[in-house]
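The structure appears right after this line, and notes come after that.
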Amino acid sequence: MEKLLEKSKTKKKVIFIDEMPWIDTPKSKFISALENFWNGWANLRDDIYLIATGSATSWKAEKLFSNQGGLYNRITQQIYLSPFTLGGVPYYLSLLDGQKSLAQNIDSLFFEKNARLQNEFEELYTTLFNDAEKYISIVELLAQNKKGVTREFIAEKIHLTGGILTKYLNNLERCDFIQSFTPFGRKKKGSIFKLVDFYTLFHLKFIKGYSKRNHKFWTHSLNTPGINSWQGLAFELVCLQHIDQINEVERVLRPLQEFNNNCRMWTNLGHTPLSLPRPGSKANPFGLANGIPFQNSGPKVGRNDPCPCGSGLKFKKCCGKNMN
Numbered sequence: 091m092e093k094l095l096e097k098s099k100t101k102k103k104v105i106f107i108d109e110m111p112w113i114d115t116p117k118s119k120f121i122s123a124l125e126n127f128w129n130g131w132a133n134l135r136d137d138i139y140l141i142a143t144g145s146a147t148s149w150k151a152e153k154l155f156s157n158q159g160g161l162y163n164r165i166t167q168q169i170y171l172s173p174f175t176l177g178g179v180p181y182y183l184s185l186l187d188g189q190k191s192l193a194q195n196i197d198s199l200f201f202e203k204n205a206r207l208q209n210e211f212e213e214l215y216t217t218l219f220n221d222a223e224k225y226i227s228i229v230e231l232l233a234q235n236k237k238g239v240t241r242e243f244i245a246e247k248i249h250l251t252g253g254i255l256t257k258y259l260n261n262l263e264r265c266d267f268i269q270s271f272t273p274f275g276r277k278k279k280g281s282i283f284k285l286v287d288f289y290t291l292f293h294l295k296f297i298k299g300y301s302k303r304n305h306k307f308w309t310h311s312l313n314t315p316g317i318n319s320w321q322g323l324a325f326e327l328v329c330l331q332h333i334d335q336i337n338e339v340e341r342v343l344r345p346l347q348e349f350n351n352n353c354r355m356w357t358n359l360g361h362t363p364l365s366l367p368r369p370g371s372k373a374n375p376f377g378l379a380n381g382i383p384f385q386n387s388g389p390k391v392g393r394n395d396p397c398p399c400g401s402g403l404k405f406k407k408c409c410g411k412n413m414n
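The sequence shown begins at 91 in this note's numbering and counts up by one.
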């Protein structure tokens, strides 16, 4: 490698190693060789860039991110690849058949005989993690507790404590399988861990223990209470994972909704668009500082009467709550 790079006349030389964890077999001594190469030669130059990729999260965390040997503090940047906005990765989406309905696709990928993704769960966790059984036992426990559980609860049920449990939880969170959060009013030590990976939730709910007799299971189960309940929980999870975007949309829409309500009430009180002030005028077309239309004359609206703005809500629950 050193001789090859020395012969190169390019100003910047990039070493790209794809799926590095697979190179590091038990007898390969790959990590020690990489340490010697980098510290003894490459690190002394300013034209060498090493890019390493790999899907085995536990290997990267142990061998690279938390390395206490020759590679300690050598990483200059980590590139995090997020799933698509609504979940999924290109490989999974490439398996969808555009000639089939969504239900037919799910049946063919998961429930039919020799389905492409029938054994994907075990292969996924085995590829990502050493000691995959422990990781699976953690996500199975979290799947049984939709609202999430504490670290102490996990330690008691899985019989893992201290740094070992921390390693497992950190690796699962790095891969977006779980999410930790602190409920309002609690300290950080009271963090809750929740399973948020859609595929894992789907597998543990519908595929694990499946008898494999009904090859059209998903098509035949549409609109059943079990499917509808799961879809509702999945939608809640989509909202949870996009809370920042929802807050941003709400911030933009709130004044538009208020303006729309004001305009409807302005019209219902007998006004027309022509009676609105000209653009740039400092006049308040709705009569009050808070922007809610008000008129002293005319029939009085009771608190429990329908709101004149036409929203369908009671007056006290709509425009009335903004009026003194």
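Beta carbons: idealized from backbone N, C-alpha and C, even for Gly. What you are looking at is a predicted structure, and each value in this text was computed from that prediction instead of being measured.
Three or more beta-carbon pairs separated by less than 8 Å link the stretch 228-239 to the stretch 288-304, which places the two stretches in contact. Within the model, the alpha-carbon separation for residue 103 versus residue 190 is close to 47 Å. In the three-state scheme derived from DSSP, where H, G and I count as helix and E and B as strand, residue 139 is classed as strand. Going by C-alpha positions, residue 177 is about 48 Å away from residue 392. Residue burial is scored here from C-beta neighbours: residue 121 has at least 16 other C-beta atoms within 10 angstroms and is therefore classed as buried. CA-CA distance, residue 159 to residue 130, rounds to 14 Å.
Cβ-Cβ distances below 8 Å link residue 219 to 146, 147, 148, 225, 261 in the same chain, with the five nearest sequence neighbours on each side left out; the list follows chain order. Assigned with DSSP and collapsed to three states, residue 169 falls in coil, not helix or strand.
C-alpha of residue 332 to C-alpha of residue 127: approximately 43 Å in a straight line.
Counting of Cβ neighbours within 10 angstroms places residue 132 among the buried residues, the total reaching 16 or more. Selection 179, 138, 170 evaluated against residue 150 yields 170 as nearest (Cα-Cα). Annotation: the continuous alpha helix (DSSP H) that includes residue 231 extends over 222-233. Here DSSP, grouped into helix, strand and coil, assigns residue 104 to strand. Here the alpha carbon of residue 117 sits roughly 19 Å from the alpha carbon of residue 107. Secondary structure of residue 315 (DSSP, three-state): helix. Looking from the CA of residue 94, the closest CA among 167, 138, 112 belongs to 138.
The residue from 136, 119, 112, 113 with its alpha-carbon nearest to that of residue 100 is 136. If you draw a straight line from the Cα of residue 408 to the Cα of residue 340, it comes to about 17 Å.
Inter-segment contact for the stretch 302-312 and the stretch 198-213 is present: three or more beta-carbon pairs are separated by less than 8 Å.
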